[in-house]
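Data first, discussion second: the structure below is written as structure tokens.
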Amino acid sequence: MRQNRRSQLVPSLGYLVIGVLLFIWLILPNDNTARLAIRFNLKRFQRALRRQPNESWVFAPPKFPVSLGVDTLVILKTGYGTKERVPAWFESLTDESEFRGFLIVGDYASQPGEHFKYNGSEYPVHDVVQRTMRHKTLSAQTSHPRALKYRSFVDAISGGNNETALELAKSSGWELDALKFISALELAYEKYPNKKWVILADDDTYLVQHSLKPFLGQFDTKYPYYLGNAVGDFRVRFAHGGSAIILSQAAMRQLIVMNPRVVSKAHSESLSEIWGDRLLARALIRAGVYLDENYCHLFNGEPPRLSRIRADRFCSPILSFHQLASPSQMVSVGHIFENTSRPVLWIDLWDMYEAPTPWRRKTKLQQPRRNWDHVGQLDDAVSTFRNTATAETCAKKCEKYFKTCMAWTWEPHSRHCHISPWMIVGRAVKGKVSGLNSRRIRSLEMDCLVY
Numbered sequence: 018m019r020q021n022r023r024s025q026l027v028p029s030l031g032y033l034v035i036g037v038l039l040f041i042w043l044i045l046p047n048d049n050t051a052r053l054a055i056r057f058n059l060k061r062f063q064r065a066l067r068r069q070p071n072e073s074w075v076f077a078p079p080k081f082p083v084s085l086g087v088d089t090l091v092i093l094k095t096g097y098g099t100k101e102r103v104p105a106w107f108e109s110l111t112d113e114s115e116f117r118g119f120l121i122v123g124d125y126a127s128q129p130g131e132h133f134k135y136n137g138s139e140y141p142v143h144d145v146v147q148r149t150m151r152h153k154t155l156s157a158q159t160s161h162p163r164a165l166k167y168r169s170f171v172d173a174i175s176g177g178n179n180e181t182a183l184e185l186a187k188s189s190g191w192e193l194d195a196l197k198f199i200s201a202l203e204l205a206y207e208k209y210p211n212k213k214w215v216i217l218a219d220d221d222t223y224l225v226q227h228s229l230k231p232f233l234g235q236f237d238t239k240y241p242y243y244l245g246n247a248v249g250d251f252r253v254r255f256a257h258g259g260s261a262i263i264l265s266q267a268a269m270r271q272l273i274v275m276n277p278r279v280v281s282k283a284h285s286e287s288l289s290e291i292w293g294d295r296l297l298a299r300a301l302i303r304a305g306v307y308l309d310e311n312y313c314h315l316f317n318g319e320p321p322r323l324s325r326i327r328a329d330r331f332c333s334p335i336l337s338f339h340q341l342a343s344p345s346q347m348v349s350v351g352h353i354f355e356n357t358s359r360p361v362l363w364i365d366l367w368d369m370y371e372a373p374t375p376w377r378r379k380t381k382l383q384q385p386r387r388n389w390d391h392v393g394q395l396d397d398a399v400s401t402f403r404n405t406a407t408a409e410t411c412a413k414k415c416e417k418y419f420k421t422c423m424a425w426t427w428e429p430h431s432r433h434c435h436i437s438p439w440m441i442v443g444r445a446v447k448g449k450v451s452g453l454n455s456r457r458i459r460s461l462e463m464d465c466l467v468y
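Residue numbers (the working numbering): 18 to 468.
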């Protein structure tokens with residue numbers, strides 16, 4: 018009898034605990050730390066259970082057809098110190114580019130005769146930092162250090178002191194950048210409320226249109242989508258601005274129209290926030306719109322030659338490149354991608370940049386590439402072996418760690434062997450010897466054939 022009571026009590030307590038947790042979940046604000054921690058860990062668990070992403074939608078008919086020219090607005094974020102990038106950004110758009118809607122925002126306003134031109138139209142630069150500073154929540158913050166820096170910056174421009182303005186842009190531009198995000202979205206919604214998609218891109222960000230179009234075609238814009246390259250901890254998971262940020266029409270409406278208090282709070286926080294993309298994410302979270310991390314592997318914060326091609330995205334489309342800081346870099350990337358007629362996969366970078374493909378030859382260990390580096394910048398994910406006598410020994414270490422190594426680089430002078438879970442097209446580096454795990458890459462490339 019006592020045993021039966023215990024057996025009935027256990028599930029009852031379980032239901033009670035679940036009910037209490039659900040109740041707490043419902044009453045907690047969207048940006049509560051406990052709620053965000055629970056959500057973060059649940060989503061991480063779900064992704065761990067998922068196998069390799071199925072990107073068959075890339076070549077399938079779109080569920081929700083999208084016209085990049087009609088349905089999308091590109092917010093191009095620039096600044097006084099980087100405005101020379103904008104003409105190159107437009108030049109990188111080939112004659113076949115579908116983009117037609119552009120809104121250029123910055124920390125200054127272009128004057129008549131200074132507006133940027135593309136495809137027969139003029140596009141002025143809108144000073145959205147000024148718009149932020151004029152917001153009612155900041156009316157009493159005129160003595161804030163960041164507000165004073167902006168005032169000095171404006172005075173230098175209006176006074177014709179170009180050299181001083183450029184120096185201030187270089188030293189304070191990153192602080193002013195945080196003041197652009199919210200006002201840019203407000204302005205975009207005021208001018209283009211019917212756009213189904215808003216894409217926020219930096220002036221050193223390249224968008225791969227042939228990948229972007231089928232990607233957007235799988236989403237119904239009646240639902241709030243916040244898409245991008247996930248960074249940050251569980252408290253604020255945010256889309257990295259340089260990799261491009263994408264918001265659906267419903268997400269824009271939910272933030273700008275339905276949550277004016279959230280927008281006002283974001284404006285007040287913009288004077289102290291370091292990163293504008295994190296400020297935007299925090300506002301979206303408070304409005305109930307969370308970053309969808311199922312697609313973050315499609316966004317990229319690196320230039321093509323340094324883009325880390327990993328196993329989890331080998332056959333996936335790539336949507337963006339970043340850190341194309343010089344105009345010549347941007348134009349060069351535009352020329353390389355101008356002849357593409359289908360979605361670009363991560364592995365396609367190898368052929369587009371005419372890098373050697375030893376895995377397509379039937380040899381266990383390929384000849385190493387001298388004065389080159391396929392690993393790139395080292396971080397915690399790279400394993401370093403000291404006292405490695407030869408390049409061949411380094412290559413064998415990569416082969417030994419078959420499931421975690423895709424590329425290796427050996428440094429003769431230090432005798433360090435670096436093996437990485439990614440590979441990059443790379444660039445010439447005097448003295449280094451580098452190679453690839455051909456057997457692993459060959460098996461990954463075979464999976465791409467299912468598309």
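Glycine included, every Cβ here is placed at the ideal spot set by N, Cα and C. Quick caveat, the model's predicted, so the values are computed rather than measured.
Contact between L296 and A195 holds, since their C-beta atoms are separated by about 6 Å, short of 8 Å. Burial state of L66 is exposed, judged by a 10 Å Cβ sphere holding fewer than 16 other Cβ atoms. Using a Cβ distance threshold of 8 Å, H339 and D219 count as a contacting pair. At a Cβ-Cβ threshold of 8 Å, Q271 and V306 count as neighbours. Taking all protein chains in view, the Cβ of F107 is crowded by 16 or more other Cβ atoms within 10 Å, so the residue is classified as buried. With respect to the 8 Å criterion, G249 and I262 are not classified as neighbours on the basis of their beta carbons. Per DSSP, R444 lies in no alpha helix (DSSP H); the unbroken beta strand (DSSP E) holding it starts and ends at R444 to L453. Around the beta-carbon of Y243, 16 or more other beta-carbon atoms lie within 10 Å, marking it buried. When only Cα atoms are considered, D112 and V361 end up about 18 Å apart. Going by beta carbons, H143 and R359 fall outside the 8 Å limit. Rounded to whole angstroms, the separation of the alpha carbons of T222 and A157 is 35 Å. Nearest to G293 by C-alpha distance, out of R386, N276, V146 and G137, is V146.
C-alpha of L341 to C-alpha of W74: approximately 29 Å in a straight line.
Restricted to the region 316-356, the alpha helix (DSSP H) segments that are unbroken, complete and at least 4 residues in length are 344-354, listed in chain order.
Per DSSP, I441 is not a residue of any beta strand (DSSP E), being assigned neither H nor E. In this structure V399 does not touch R322 by the C-beta definition: roughly 18 Å separates them, more than the 8 Å allowed. The residue from Q235, E290 and R303 with its alpha-carbon nearest to that of R278 is R303. Per DSSP, the unbroken alpha helix (DSSP H) holding C415 starts and ends at A408 to K417. Collapsing the DSSP output to three states places Y242 in coil. Around the C-beta of R403, fewer than 16 other C-beta atoms lie within 10 Å, and the residue is accordingly described as exposed. Counted as a single uninterrupted DSSP element, the beta strand (DSSP E) harbouring G123 occupies residues F119 to G123. For N388, the uninterrupted beta strand (DSSP E) segment begins and ends at R386 to D390. Here T159 is exposed, its C-beta having fewer than 16 other C-beta atoms within 10 Å.
In the DSSP assignment, the residues bridged to L264 are V215 and Y243. Excluding the 5 residues flanking it on each side, A300 has same chain C-beta neighbours closer than 7 Å at I199, L272, V279, V280 and A283, in chain order. The DSSP-derived three-state label of V142 is strand.
Annotated three-state conformation of W74 is helix, per DSSP.
According to DSSP, residue pairing for T405 in a beta bridge does not occur. Distance between R444 and R456, taken at the CA atoms: about 22 Å. In the DSSP assignment, V91 is bridged to F119 and I216. Beta-bridge annotation (DSSP): K134 is paired with E139. Cβ-Cβ distances below 8 Å link Y135 to F107, L110 and F119 in the same chain, with the five nearest sequence neighbours on each side left out; the list follows chain order. For the pair P438 and T421, the CB atoms are nearer than the 8 Å cut-off. Taking every protein chain shown into account, the CB of H257 has 16 or more other CB atoms within 10 angstroms, so this residue is buried.
Counted as a single uninterrupted DSSP element, the alpha helix (DSSP H) harbouring S281 occupies residues P277 to E286. V103 and I121 do touch by the CB rule: their CB atoms are close to 7 Å apart, below 8 Å.
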